[in-house]
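Student: First the structure, which I've put down as C-alpha cells, then a few questions once you've had a look.
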Amino acid sequence: MDLMRSTAVLLPGSGSDADFALRAFAPLTALCRSTMAVDAEPPSVVAGYRAALDRAASDGPLLACGVSLGSAVAAAWALEHPEADVTLVLTLPPWSGPAGPEVPAALSARVTADTVEDLGAAAAIARMQDGAPAWLARELTRSWAAHGDFLAPALREAAGFVAPSEERLAGLRARTVVVGAEGDLIHPLPVARAWGAAIPGADTVVVALADLGPDPAVLGRAGLGALTAGS
Numbered sequence: 040m041d042l043m044r045s046t047a048v049l050l051p052g053s054g055s056d057a058d059f060a061l062r063a064f065a066p067l068t069a070l071c072r073s074t075m076a077v078d079a080e081p082p083s084v085v086a087g088y089r090a091a092l093d094r095a096a097s098d099g100p101l102l103a104c105g106v107s108l109g110s111a112v113a114a115a116w117a118l119e120h121p122e123a124d125v126t127l128v129l130t131l132p133p134w135s136g137p138a139g140p141e142v143p144a145a146l147s148a149r150v151t152a153d154t155v156e157d158l159g160a161a162a163a164i165a166r167m168q169d170g171a172p173a174w175l176a177r178e179l180t181r182s183w184a185a186h187g188d189f190l191a192p193a194l195r196e197a198a199g200f201v202a203p204s205e206e207r208l209a210g211l212r213a214r215t216v217v218v219g220a221e222g223d224l225i226h227p228l229p230v231a232r233a234w235g236a237a238i239p240g241a242d243t244v245v246v247a248l249a250d251l252g253p254d255p256a257v258l259g260r261a262g263l264g265a266l267t268a269g270s
C-alpha cells in the first residue's frame with residue numbers, strides 16, 4: 040500500500056488512550072498523509088471508533104491501527120465495508136466472537152468497572168498500580184484518570200463487544216498484519232495467532248511484552264516491517 044496517500048486511524052483499547060496509540064504506531068504514521076488518533080468518549084466507544092473510520096474512508100486510502108478493542112472494531116468495520124481501500128494493523132486482539140466469562144481481557148474490564156462503581160476511580164487505580172508492571176501502571180494511571188466518569192461504561196462496553204469470529208475473519212479481504220505479544224496474559228498470544236491464521240493472506244508478527252513496555256513503538260515497527268516485506 041501507499042502509506043503516503045493514506046489516513047491513519049488509531050484506535051486504542053477501551054481503557055487506554057490516543058497518547059499511547061500515537062507512540063505505539065509512530066513508525067507507521069510518520070509515513071502517512073494524516074493521522075486521526077481517537078480517544079474513547081461518551082456515549083459509546085465503539086460508535087466513536089466507527090465514526091472515525093467512516094470519516095477517514097471517505098477521504099481516500101485508510102490505514103486502521105488498533106489495540107485490543109480497537110483491533111476488534113477495526114476488523115469488524117472492514118468486514119462490513121468490503122469496498123473500502125483499507126489496510127489493517129491489528130495488535131493484541133482480545134478474543135474472537137462473544138467474550139465468555141473467563142476471557143482475560145473481558146474479565147479484567149468487568150472487574151475494573153465493578154471496582155470503579157463500588158469504590159471509585161481512585162481505588163481502582165490504586166489496585167491496578169499494586170499488581171501491574173511499572174510501565175503499565177504509568178500508562179493506565181494517566182488514561183484511566185482522563186476517562187473520568189466514562190471509565191466504567193467504556194470498560195463494560197468493551198467487555199460486551201462481540202468481536203469477529205474466526206469464521207467471519209476468513210471473509211476479510213483487507214491487507215492485514217496481526218501483532219501479538221509473548222507474555223501478555225490479558226491478550227493471549229494464541230488469539231493473535233488464530234486471527235492471523237483465519238484472515239486470508241495475513242501476516243502474524245510476535246513481539247515480546249517485555250519490549251513493548253519501555254517502547255510502545257514496537258507495535259508500529261512490527262506492522263511496518265510486515266507491510267514493507269509484503270509490498
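Everything in the sequence shown is counted per my numbering, starting at 40 for the first residue and increasing by one.
All residues carry an ideal CB built from backbone N, CA and C; glycine is no exception.
1) Can you tell me the Cβ-Cβ gap for A113 and L129, rounded? I've got them flagged as a contact below 8 angstroms.
2) Given that a residue counts as buried once 16 or more other Cβ atoms are within 10 Å of its Cβ, and exposed if not, what is P100?
3) Going by CA-CA distance only, name the one from G87, S45 and G54 that's closest to A69.
4) Contact check, G222 vs A247 under 8 angstroms by CB: the rounded distance?
5) Would L61 pass as a contact of A76 if the rule is Cβ separation under 9 angstroms?
6) Count the other CB atoms within 10 Å of the CB of A86; is the residue buried (16 or more) or exposed (fewer)?
7) Helix, strand or coil, according to DSSP, for V142 in the structure here?
8) Exposed or buried, what is R214 when buried is set at 16 or more other beta-carbons lying within 10 Å of its beta-carbon?
9) Using 9 angstroms as the threshold, is the C-beta distance between V84 and A163 below it?
10) Do you know offhand how far D153's Cα is from V230's?
11) Quick one, which of A95, Y88, C104 and E196 has its alpha-carbon nearest A256's?
12) Residue range of the alpha helix (DSSP H) that A96 falls in?
13) Hey, out of L49, V48, A171 and G54, whose CA is closest to S182's CA?
14) So A241 and A209 are supposed to be a Cβ contact under 8 angstroms. How far apart are they, rounded?
15) Skipping 5 residues on each side, what residues in its chain have a beta carbon closer than 7 angstroms to that of P121?
16) So what does D242 bridge to, in DSSP terms?
17) Can you round the beta-carbon distance between L251 and A220 to whole angstroms, since I take them to be within the 8 angstroms contact cut?
18) Using DSSP's beta-bridge definition, name the partner residues of S45.
19) Per DSSP, what are the beta-bridge partners of C71 in this structure?
20) If you count every other CB in all the chains shown that lies within 10 Å of the CB of D41, and 16 or more means buried, which is it?
21) Can the beta-carbon of A202 be found less than 9 angstroms from the beta-carbon of W134?
22) What residue from L266, L224 and D188 has the CA that sits closest to D157's CA?
23) Compute the Euclidean distance between the alpha carbons of G235 and A57, then round it to the nearest angstrom.
24) Could you have a look at V128 and say whether DSSP puts it in helix, strand or coil?
25) Using CA atoms only, rank isn't needed, just tell me which of L67, L50 and L146 is closest to L224.
Tutor: Considering the structure as presented:
1) As a position in the sequence shown, residue 113 is number 74, starting the count at 1. As a position in the sequence shown, residue 129 is number 90, starting the count at 1. Indeed they touch by this definition, with Cβ atoms about 6 angstroms apart.
2) Translated into positions along the sequence shown, residue 100 becomes position 61. With 16 or more other Cβ atoms within 10 Å, it is buried.
3) By 1-based counting over the sequence shown, the position of residue 69 is 30. When only C-alpha atoms are compared, the closest one is S45.
4) Mapped onto the sequence shown, residue 222 falls at position 183. Mapped onto the sequence shown, residue 247 falls at position 208. Right, their Cβ atoms sit about 6 angstroms apart.
5) Indexing the sequence shown from 1 puts residue 61 at position 22. Indexing the sequence shown from 1 puts residue 76 at position 37. Result yes, Cβ atoms of L61 and A76 sit closer than 9 angstroms.
6) Your numbering for residue 86 matches position 47 in the sequence shown. Exposed is the call here.
7) Your numbering for residue 142 matches position 103 in the sequence shown. In the structure shown, V142 sits in coil (DSSP, three-state: anything other than H, G, I, E or B).
8) Reading the sequence shown from its first residue, position 175 is the one you call residue 214. With 16 or more Cβ atoms within 10 Å of its Cβ, R214 is classed as buried.
9) For the purposes of this step, residue 84 is taken as residue 45 along the sequence shown, with counting starting at 1. For the purposes of this step, residue 163 is taken as residue 124 along the sequence shown, with counting starting at 1. Taking 9 angstroms as the Cβ cut-off, V84 and A163 do not qualify as a contacting pair.
10) As a first step, residue 153 must be located in the sequence shown, where it is residue number 114. As a first step, residue 230 must be located in the sequence shown, where it is residue number 191. In a straight line, the C-alpha of D153 is about 26 angstroms away from that of V230.
11) Here residue 256 is taken as the residue at index 217 of the sequence shown, counted from 1. The option with the nearest alpha carbon to A256 is C104.
12) For the purposes of this step, residue 96 is taken as residue 57 along the sequence shown, with counting starting at 1. Unbroken alpha helix (DSSP H) run through A96: V84 to A96.
13) Looking up residue 182 in the sequence shown gives position 143. Comparing Cα positions, the closest option is G54.
14) Here residue 241 refers to the residue found at position 202 of the sequence shown. Here residue 209 refers to the residue found at position 170 of the sequence shown. About 10 angstroms; that fails the 8 angstroms criterion.
15) Along the sequence shown, read from residue 1 onward, the residue named residue 121 stands at position 82. The answer, listed in chain order, is R212.
16) The sequence position of residue 242 within the sequence shown is 203, counting from 1. Note: D242 sits in a beta bridge opposite V216.
17) Translated into positions along the sequence shown, residue 251 becomes position 212. Translated into positions along the sequence shown, residue 220 becomes position 181. Rounded, the Cβ-Cβ distance is 6 angstroms, consistent with contact.
18) Counting from 1 along the sequence shown, the entry for residue 45 is found at position 6. In the DSSP output, where bridge partners are listed per residue, S45 has none listed.
19) Working through the sequence shown from its first residue, we reach residue 71 at position 32. Paired residues: none, contrary to the question.
20) If you number the sequence shown from 1, residue 41 lands on position 2. Looking at its Cβ environment, which holds fewer than 16 other Cβ atoms inside 10 Å, D41 is exposed.
21) Position 163 of the sequence shown, counting from 1, holds the residue named residue 202. Position 95 of the sequence shown, counting from 1, holds the residue named residue 134. Against a cut-off of 9 angstroms, the Cβ pair of W134 and A202 comes out as a contact.
22) Position 118 of the sequence shown, counting from 1, holds the residue named residue 157. Out of L266, L224 and D188, D188 has the C-alpha closest to the C-alpha of D157.
23) Your numbering for residue 235 matches position 196 in the sequence shown. Your numbering for residue 57 matches position 18 in the sequence shown. Computed Cα separation, rounded: 25 angstroms.
24) Along the sequence shown, read from residue 1 onward, the residue named residue 128 stands at position 89. In the structure shown, V128 sits in a strand (DSSP, three-state: E or B).
25) For the purposes of this step, residue 224 is identified with residue 185 of the sequence shown, where counting begins at 1. Residue L146 is the option with its Cα nearest to L224.
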